[in-house]
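A.B. asks:
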Amino acid sequence: MSYDTDNVFAKILRGDLPCSKVYEDDHVLAFNDIAPQAETHVLVIPKGAYVSMDDFSANATDAETLGFFRAVGKIARDLGVDATGYRLIANHGPDSHQLVPHFHVHILGGESLGTGLINKQS
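Just so you know, we're using this note's numbering here: the sequence shown kicks off at 83 and counts up by one.
#1: Need the endpoints of the beta strand (DSSP E) that T147 sits in, please.
#2: State yes or no: is the C-beta of P183 within less than 7 Å of the C-beta of N89?
#3: Report the three-state DSSP secondary structure of S102 (helix, strand or coil).
#4: Count the C-beta pairs between the segment 187 to 200 and the segment 166 to 178 that are closer than 8 Å, then say yes if the count reaches three, no if not.
#5: DSSP on P176, reduced to helix/strand/coil?
#6: So what does G191 bridge to, in DSSP terms?
#7: Starting from the Cα of L195, find the closest Cα among I94, P100, Q119, A92 and give me that residue.
#8: Given that a residue counts as buried once 16 or more other Cβ atoms are within 10 Å of its Cβ, and exposed if not, what is T122?
#9: Whole angstroms is fine: what's the gap from A172's alpha carbon to L99's?
#10: So, with DSSP's three-state summary, where would you put L111?
#11: Using a Cβ distance threshold of 8 Å, determine whether the segment 144 to 158 contacts the segment 174 to 182, with at least three qualifying pairs required.
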């Protein structure tokens, strides 16, 4: 999967599409998911053009990497989901059903998420 500069997250970063912003700094933008799967469902995206976790971990600068993961933790604390627990999800490639070719992490919490880790489809 190659980076598509017209993907929905690139459009949000450029200001072409609105979002319900939760957090922003030099390296990341975080916003509420438009189709939440839990009481709290926030997407955290790097501001750089990275397709996936694989691309990000191989090509992001140390400052981008540190900034991104520190921001994920800060956002979870700011949302208050650190007290009871939360789940982080990052999809990579077609087998995971990655829909947007821009690396992103889902923070899900605010309720019991159950014990299942995946929803395997037949």
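Where a beta carbon is used, it is the ideal one built from N, C-alpha and C, also for glycine.
Quantities reported herein were computed from a predicted structural model and do not represent experimental measurements.
C.D. replies: Checking against the coordinates, here is how it stands:
#1: Taking the first residue of the sequence shown as 1, we reach residue 147 at position 65. Judged by DSSP secondary structure, T147 falls outside any beta strand (DSSP E) and instead within the alpha helix (DSSP H) spanning 144 to 161.
#2: For the purposes of this step, residue 183 is taken as the residue at position 101 of the sequence shown. For the purposes of this step, residue 89 is taken as the residue at position 7 of the sequence shown. Taking 7 Å as the Cβ cut-off, P183 and N89 qualify as a contacting pair.
#3: Position 20 of the sequence shown, counting from 1, holds the residue named residue 102. Judged by DSSP in its simplified three-state form, S102 adopts coil rather than helix or strand.
#4: Contact between the segment 187 to 200 and the segment 166 to 178 is present: 3 or more CB-CB pairs across the two stretches fall below 8 Å.
#5: Indexing the sequence shown from 1 puts residue 176 at position 94. In the structure shown, P176 sits in a helix (DSSP, three-state: H, G or I).
#6: Here residue 191 is taken as the residue at index 109 of the sequence shown, counted from 1. DSSP lists T122, Y168 as the bridge partner or partners of G191.
#7: Here the question's residue 195 lines up with position 113 in the sequence shown. Checked all of I94, P100, Q119, A92; the closest Cα to L195 is Q119.
#8: The residue labelled residue 122 in the question sits at position 40 within the sequence shown. So T122 counts as buried.
#9: The residue labelled residue 172 in the question sits at position 90 within the sequence shown. The residue labelled residue 99 in the question sits at position 17 within the sequence shown. When rounded, the distance between both Cα atoms is 22 Å.
#10: Taking the first residue of the sequence shown as position 1, residue 111 is located at position 29. Three-state result, L111: strand.
#11: Under the 8 Å Cβ criterion, the segment 144 to 158 does not count as touching the segment 174 to 182, having fewer than three qualifying pairs.
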